[in-house]
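Residue numbering for the sequence shown follows this note's numbering, starting at 22 and increasing by one per position.
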Amino acid sequence: MDGKFPQTILTDMDLGLRDAILTELPHTKHVFPPWHVTSKLRSWFCTILGSQFDKFKSDFDKLYELDAVEEFEHTWAEMVTEFGLSSDRHVALLHSHRSYWALPYLLGWFSGGLLTNGHLLSFQSFFKGFLDSETRLKDFVEQVGVAVDFQNQAEEEATTERNQLDTKIRTCMPIEEHASTILSHYAFEMFQKEIMSSTEYAVFETARESYLVRHRLKTDGGHVVSCDTSNEEVQCSCKGFESTGILCKHALRVLSLRNCFLVPEKYLVPRWRRESSLFPKSSGQKYRSQALRSLASIIIQESAVTKDRFDYVEWHMSRLLNHIRDMAGLMKLRRIWVRARLCMIRLI
Ligand SMILES: [Zn+2]
């Protein structure tokens, strides 16, 4: 990993993996994703709870709607008492590992918005095309890279062809329209969910550039947002941006109050941008030449640092060059250009 470690790692609820990750990746946040935790509930509690299981499962799912530690602990204690599970070993296991799966303990750790049950099916369909039980770990990493490249390119081409025609703007807020021109389809859906929810929140100014943002139907709780428009800085106590890379509903509510009509640049992270938004809008040869020179310059600087980096870059660049020379035809030129940019970006 060239000295870099993942910020967050999602795995099955496996205590062996837990120990290995604690040892090998001590600074990485280990998360048991919701879909895996909830998939265990039936085998653990159905026999004990009998007809009460469905109610228990419904209450357990609601835990994922909580974002404050105190609220989680209180609700958990009530649930355990109500179902008479205080001496159950699986309840003890879940509670002792709550920092691995309960959302209030995961605030601020980047998850890319993946901590919802709905992502299980998309993961399965994503991996199905190129993985099977025979796939080795080394091949797995390479195959994921190829699949992500393919998906990025496919999304970019689809976006160009659609030309935004099917992107539905759901509010009258200019900031939503701005986000729609920059974010990828996946990221814009996350953004749109937040901006729509933001209209349900009330704002109270508590100090200069500090706000309490609370749901309109609640009389307590809420999150604290600090907002300094002079340097386009906005921070929320829910840590939504740190977790997903998308501004949370609380921050968006305050930005709206402060008459911000564009998403500040620093909150449009490269990970979630459409590829075309990473480059100046131009299609001329001069622009292409300059853009590639700029990327090449960065690659030279970065790859000269160690021999491993140099070998890696040399091998990929040789392949890329051969690939480009082998291709022909006006229609293919655009694909080469997209592919070259993708490869170079990922080499950096
Ligand atoms: Zn927030």
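The beta-carbon is built from N, C-alpha and C at its ideal position, and this holds for glycine as well.
- Between the stretch 274 to 292 and the stretch 247 to 261 there are three or more C-beta pairs closer than 8 Å, enough to call the two in contact.
- In the three-state reduction of the DSSP assignment, histidine 48 falls in the coil class, being assigned neither a helical nor a strand state.
- Distance from the CA of proline 291 to the CA of valine 90, rounded to the nearest whole angstrom, comes to 31 Å.
- Put simply, the backbone Cα of tryptophan 336 is about 59 Å away from that of lysine 239.
- DSSP, reduced to helix, strand and coil, places isoleucine 30 within a strand of the structure shown.
- Check the Cα spacing between serine 218 and each of Arg237, Tyr207, Ser201: the tightest is with Arg237.
- For serine 201, the uninterrupted alpha helix (DSSP H) segment begins and ends at 195 to 201.
- In this structure phenylalanine 131 is in contact with threonine 29, their Cβ atoms being roughly 5 Å apart against a cut-off of 8 Å.
- Serine 120 has no beta-bridge partner at all, per DSSP.
- Proximity to tyrosine 121 across Arg39, Thr202, Lys260 peaks at Arg39, based on C-alpha coordinates.
- With fewer than 16 other Cβ atoms inside 10 Å of its own Cβ, isoleucine 321 counts as exposed.
- Rounded to the nearest angstrom, the Cβ distance from isoleucine 267 to methionine 348 is 36 Å, too far for a contact under 8 Å.
- The C-beta separation of alanine 200 from valine 334 comes to about 34 Å, leaving the pair out of contact by the 8 Å criterion.
- Sequence-distant Cβ neighbours of glycine 129 in its own chain, meaning closer than 8 Å and more than five residues away, are Lys260, Glu263, Ser264.
- Near ligand 1, meaning a beta-carbon closer than 6 Å to one of its heavy atoms, we find His244, Cys257, Cys259, Gly261, Cys269, His271, Ala272.
- Our two residues, phenylalanine 225 and methionine 194, have alpha carbons roughly 20 Å apart in a direct line.
- Looking from the CA of tyrosine 288, the closest CA among Ile345, Phe209, Gly242 belongs to Phe209.
- About 6 Å separates the Cβ atoms of proline 125 and aspartate 88, confirming a contact at the 8 Å cut-off.
- Beyond the five residues adjoining it in sequence on each side, alanine 123 comes within less than 7 Å, by CB distance, of Leu84, Phe93 in the same chain, given in chain order.
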